Amino acid sequence: MIKPLAIVAYEKLLPGTQLVNRLQDLGYRVETLADITKLTATAEASRPMVVVADLGDSSERVLQSISHLRQNAATSHLPVVAFSKEPLASREGPASKAGVTLLVSDTAILNHLAQCLERALQLD
Numbered sequence: 268m269i270k271p272l273a274i275v276a277y278e279k280l281l282p283g284t285q286l287v288n289r290l291q292d293l294g295y296r297v298e299t300l301a302d303i304t305k306l307t308a309t310a311e312a313s314r315p316m317v318v319v320a321d322l323g324d325s326s327e328r329v330l331q332s333i334s335h336l337r338q339n340a341a342t343s344h345l346p347v348v349a350f351s352k353e354p355l356a357s358r359e360g361p362a363s364k365a366g367v368t369l370l371v372s373d374t375a376i377l378n379h380l381a382q383c384l385e386r387a388l389q390l391d
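Numbered per this note's numbering, the sequence shown spans residues 268 to 391.
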C-alpha cells in the first residue's frame, strides 16, 4: 500500500522539522515546500492527501497561495492545516477567507498532530 502524501511548508526549522518527523511517524510521505508560491503547482503534480502550512512571518504570501490552491479545480478539495505562533484570533478571519480548513497553534499541531489531521480530513 502506498503511504499518503503530505505537503509541508514551513519557515522556521523548529517546529518544521519536528512536524515532518511526526508526519512520517504517522505513516505519511512528506514533501517539503521551500517556495510557498509553488503550492498549487506542486499539489496538482504530487496529489497530496493534506497540506500543512506555517503562517509564520510570510503569512500574507502563504494565505495567498492557499487561496490560489482553493481556486484551482484540481486542488480545491485538499484539506489545509495552518499553524501559527502568533495569537490565532488575529489570524482566523484571513485564514478562513483564504480557505484554511483548520487553524491551530504551533504547539497544538506538534502535540496533537494526529487529531488535527483527523479533524481536517473529516468529510462533511
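Where is the CB? At the ideal position from N, CA and C, for every residue including glycine.
Please read all numbers here as calculations on a predicted model, not as lab measurements.
Cβ of residue i within 8 Å of any chain B Cβ
{"i": "L336", "result": "The chain inventory of the structure shown lacks chain B, comprising one protein chain alone."}
Residue i, buried or exposed, once every other Cβ within 10 Å from all chains shown has been counted against 16
{"i": "G283", "result": "buried"}
{"i": "I269", "result": "exposed"}
{"i": "T342", "result": "buried"}
{"i": "P354", "result": "exposed"}
C-beta contact flag for residue i and residue j at 8 Å
{"i": "Y214", "j": "L272", "result": "An answer regarding residue 214 cannot be provided, because it is not within the stretch 268 to 391 covered by the chain."}
{"i": "V318", "j": "A310", "result": "yes"}
{"i": "A381", "j": "L293", "result": "yes"}
Span separating the alpha-carbon of residue i from that of residue j
{"i": "I303", "j": "R328", "result": "7 Å"}
{"i": "I397", "j": "Y277", "result": "Nothing can be reported for residue 397, as the shown portion of the chain is limited to 268 through 391."}
{"i": "D391", "j": "T368", "result": "Any answer about D391 is weak, because its pLDDT of 47 lies below 50 and its placement is not dependable; what the coordinates show is given next. About 12 Å."}
{"i": "G360", "j": "V347", "result": "15 Å"}
Whole-Å CB distance - residue i paired with residue j, under 8 Å assumed
{"i": "F350", "j": "D324", "result": "Contact doesn't hold; Cβ gap of about 13 Å is too wide."}
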